[in-house]
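Okay, so here's the structure we're looking at.
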Amino acid sequence: MKTKINGELYDLDPHPLDTAVDVIREQAGLTGTKMACGGGICGACTVLVDGVPMASCLMPANHMEGKEVQTIEAHGPENLHPVQRAFMANEGLQCGFCTPGFVNEGIAFYDRWRADHGKTRPSHHEIALAMGGHLCRCAAYVGIFAAIGDACEGQFDEVTELIAPRVDALEKVTGTAKYTVDTKWPDQLEGIIVRSAYPNAIVRSVDTSAAMALDGVIAIADLMEGNRRMRWVGQPIVGVAAINHYTATEAAKLVKIDYEVKPAVVDFDQAMDSSSPEVWDDGHDGMPTAAEGTSLPYRWTNNVGRIPMGLLTARRAGRTNRQFESNQTTVSKEFFNHQQVHTPLEPHTTVARWHGPKSLEVQASTQNIRFLRHEISEHFDLDVEDVIVEAQYIGGGFGGKQGMYNETKAAITMAKEADQPVRVIASRGEDLSYCGLRPGALIKASLSSKPDGTPEAIRMHAYGNAGVAGGTAPATMMWAMSPSGVSLDMQDYAVITNTSQGTPFRGPDAPAQRWAIEQLIDEEAEKLRMDPVAIRRKWFPDHEIKNRLLDWVESIPEWQGRMANPDRTGRFRRGIGLATAQWILIHNPNTEVRVSSSPKGITVSCSTQDIGNGTRTSIAKAIEDLMGISRHDVIMDIGLADRPNGPTAGGSQVTVSVYPTTYKAAEDVVAHLIKEAMAKLKLSNAKLGRGGLHHANGFTAWNEILAVAEPFSATDIRGAERNPLGFRFAMASGESAPAPAGRFNHGAVVTELEVDTRLGKIRPINVWTAAAVGKIFVRELADSQMYSGVIQGLGYALYEQKQYDTQTGHTLSYNMNDYRIPGIGDTPNIHVHYDEKGFEEIRGKGIGLSELATLGVAASVGNAVYHATGWRPLSTPITPHDVVTGLKTLKG
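Position 519, counted from 1, in the sequence shown is what my numbering calls 1099; the numbers after and before it change by one each time, with no gaps.
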């Protein structure tokens, strides 16, 4: 088959089952085109075929014959399209995995729009329609709207300089950024995991003879690691490594497994029943955790485990019960949250190769290269120094790529067996089914207040649903964040089912906790006939930061126009709701950053990774802020586990760990350069300036100084704060050092929405979101995180739900049609506010915000729905069926 790709003639030989994306990536080697959903839903694989945007994952490869195909690589750094420039300038990307598809679609729309409308700006609705076939799990939609509009309006037609807040934006908009799925080593094999078909079974025997006899199969490896007990559908049994994906898949079908099938419990309500089949009937020693660290211990009654911390998480518990019995203003509700799936567009992926019996190299899509190296070395009995772990670009994680997952163990094990490199890529169905999730939760909560709204007692009994895992603790977290002087009864339970393991997800446990408590506060306000802001002032009356945020809420014109008793008639009803949030300050005190100077420039080294949150940019911005060197000229050396110890991308700890550490190390480098300049360039009275040194004879730029200065390196360690600051985690090295809880960041979210009472559809219109996190280090990146936090929070509130067949344990929401995440058309107007006071004693004067950005969103939606309709949603996601049914119930 002959076809032209980006103007070059290719002679291709596709497999009969190949789609266009397969041959573009694997045979033409143009990996800018991404495979994400495999069903034409996400748009990441979009290419232009004879100028028309096409989902290349659906297009048979032989349909490319004789066509002109254009991939993202058609517009490289030397011939950037205005759409690419607009994406970079407007921060229309984060992890970058979906970006090539958006850009190609944007180019096609730009051409059509300019031909028909000239340089008039398309409307928000017109852009949403044009981009509607694309998904961005990072939720960079606000920047994408701006980018498409600016490009069509002609703002980037004549631009030639690089305008980009993000230092890796150019690589991402041109498709040159290489992700783990793009790795292609010589003699690389494709690996497939053969998984359990039953939610509870013992594997009696495995017959791989027919699979091994298939031509092209190189190795089959046992992945059970001595454990033949299967506790969930999808648990790995064996791995098949073959010359290509088709052969491996065919071989996997030939593996014969004999099971002893046992009774299983898949349904959450069934698991709460003491007579249900016990998931861990042989003991809980091997039970995994969904927590970001070590799980607290449990006392078990069948499948329900109680964390025995009642005395620690209770404050005057007996008095609490008496207050609830006697207080007329008590409100009580049961809230429920379904499981949510991370859904990064780059699925879980690992490529492994051995360089000898004790030397291993791994490419992984991971949020924690340093800790992953540590885990691999322990699991495979290797010296840490003999393990290379690398992750240069990661296509999203959101908490779900922090450890050594099954695809990593499978790739390493199969590579050992085959003595060849092996790549294991989870399919979209596997990623949605087996690779992690945000645990669900049932929360039974009560709140009692004084007549003036001051809280007196809080009860929260939370039942977490993390599949086969424990580790959920929203009530314990609520205890740590409750006002002093309030009676508390906080208790956490784990409810175990024969389903896949829960894992940390952006703000673990906190969205469920906020969903419950913030709606109870509003319920109490209505009972006391108080304003929602006024009652929240009673919770922390002397808290300056919280009160400033509530002042900001009251300054919003739409909030000022909020009616205490809105008109709840008509089909379309508008409401506005408030929720507050806080998140613990986490930093990695062991973070090390090395800054080096040489004639080549300034190089920064750290064993951290950039999952799309902008770690490279945050580090480079510290150099820019101190030395005046453009962040784009800083040489970044991250993504390798053997560099100086770096933080995991989790817990909102990265920026607060790396920025001040980089800045301090750079100060030592500057001091060295000043001495060198004075000695070798004979400068006198040299002082630091923007981009160089001011001195008695004028100004000398850094490049002149670096050319003559002796190369020099300085390393700084982040260190722990002197004051109590929440929790200090050194997760990158497998250590954690808890400190007394005391410092949190703070947020407020106001959502205005419209409810279609006939169809049950909820349409968010405006979201105002505020973060009190101290100094904002990189405003554009902070905005991106705030926007994405809102949009992901709306997904949690309105759309996302992992669904199971409760009879078989199989996942029903197996693709991105059945598991719905927010699209560009779901994006409301988002308004961001920062309060930068209150953290001056923190090193760097700022703390993380990524978790905070999403925590209160769902609760604000719940309160807005109630304000609009008088019906209170108690479970997420709030489906159209829930709305219609709830309103009918309300009518009686």
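For each residue, glycine too, the CB sits at the ideal point set by N, CA and C.
Just to check my reading of the structure: residue i and residue j have Cβ atoms closer than 8 angstroms, yes? What is that Cβ distance to the nearest angstrom?
i       : j       : result
Tyr1073 : Ala1046 : So it is not a contact: roughly 11 angstroms between Cβ atoms.
Leu638  : Thr613  : Leu638 to Thr613, Cβ: 13 angstroms. No contact.
Gly1050 : Tyr878  : 6 angstroms
Thr827  : Val786  : Not confirmed; about 19 angstroms, so no contact.
Gln903  : Glu1106 : Actually they do not touch by this definition, with Cβ atoms about 20 angstroms apart.
Leu1108 : Thr909  : 6 angstroms
Ala1092 : Pro1054 : 5 angstroms
Pro1227 : Thr1171 : 5 angstroms
Give the DSSP bridge partners of residue i, in chain order.
i       : result
Ala1294 : Val1175
Ser1185 : Arg1174, Asp1217
Phe1279 : His1274
Asn1045 : Gly1020
Tyr1414 : Ala1351
Asp591  : Lys582
Gly1375 : Answer is none; Gly1375 lacks a bridge partner.
Gly1327 : Ala1161, Ala1351
Asp787  : Lys836
Ala781  : Met810, Val841
Gln650  : Leu628
Thr599  : Pro640
Met634  : Val627
Ser1029 : Pro1035
Thr869  : Gly1050
Asp1336 : Phe1152
Judging by CA-CA distance, which residue of the options is the nearest neighbour of residue i?
i       : options                            : result
Gly1426 : Lys1417, Glu1010, Ala990, Ala666   : Lys1417
Lys1030 : Ser1067, Ala1049, Met1058          : Ser1067
Glu858  : Thr1235, Ile1076, Glu1134          : Ile1076
Ser1368 : Gly1192, Trp1132, Glu840           : Gly1192
Thr760  : Ile800, Val841, Glu987             : Glu987
Leu673  : Lys752, Tyr690, His697             : Lys752
Ser1293 : Pro1035, Val1175, Gly983           : Val1175
Ala991  : Val1358, Leu769, Thr1149           : Leu769
Ile1254 : Val603, Leu834, Phe1279            : Phe1279
Pro1063 : Arg1086, Trp1095, Gly1044, Leu1027 : Leu1027
Arg1338 : His1411, Glu653, Ile1209, Val1463  : Val1463
Gly729  : Leu962, Ser1455, Ser703            : Ser703
Val942  : Tyr985, Ala1021, Pro1091, Glu914   : Tyr985
Ala641  : Val601, Pro657, Glu706             : Val601
Val841  : Val813, Arg746, Glu1334            : Val813
Asp748  : Phe677, Leu1268, Glu1247           : Phe677
Gly619  : Met1396, Lys1341, Pro1179, Asp795  : Met1396
Starting from residue i, trace the beta strand (DSSP E) in both directions and tell me its first and last residue.
i       : result
Arg1153 : 1152-1164
Met1070 : 1067-1075
Lys913  : 911-917
Lys584  : 582-585
Arg879  : 879-881
Leu1432 : From DSSP, Leu1432 is part of no beta strand (DSSP E) but of the alpha helix (DSSP H) over 1432-1435.
Ala932  : 929-936
Arg1003 : 1002-1005
Starting from residue i, trace the alpha helix (DSSP H) in both directions and tell me its first and last residue.
i       : result
Ser1135 : 1124-1135
Ser1237 : 1234-1260
Glu987  : 986-998
Val683  : 679-697
Ala851  : 848-852
Glu658  : No alpha helix (DSSP H) contains Glu658, which DSSP labels as neither H nor E.
Could you tell me whether any non-hydrogen atom of the ligand COA is closer than 6 angstroms to the CB of residue i?
i       : result
Val1236 : The ligand COA is absent from the structure shown, which contains no ligand whatsoever.
Any 3 or more C-beta pairs closer than 8 angstroms across the stretch 632-648 and the stretch 991-998: no
Validate contact between the stretch 963-980 and the stretch 766-774 using beta carbons, cut 8 angstroms, 3 pairs: no
The stretch 1421-1439 / the stretch 710-727 touching (three or more Cβ pairs under 8 angstroms): no
Segment contact flag, the stretch 733-751 with the stretch 662-677, C-beta cutoff 8 angstroms, min 3 pairs: yes
Sufficient close CB pairs (3 or more, under 8 angstroms) joining the stretch 1456-1469 to the stretch 1161-1176: no
Stretch-stretch touch, CB-based, cutoff 8 angstroms, three pairs: the stretch 1235-1250 with the stretch 1193-1200: yes
Meets three-Cβ-pair contact criterion under 8 angstroms: the stretch 1374-1381 and the stretch 679-693: no
The stretch 1002-1020 touching the stretch 915-927, judged by at least three CB pairs closer than 8 angstroms: yes
Sufficient close CB pairs (3 or more, under 8 angstroms) joining the stretch 1350-1359 to the stretch 1123-1135: yes
Three or more C-beta pairs below 8 angstroms linking the stretch 1252-1267 and the stretch 1000-1009: no
Stretch pair the stretch 849-865 + the stretch 1108-1119: three plus CB contacts closer than 8 angstroms: no
Validate contact between the stretch 1153-1170 and the stretch 1260-1276 using beta carbons, cut 8 angstroms, 3 pairs: no
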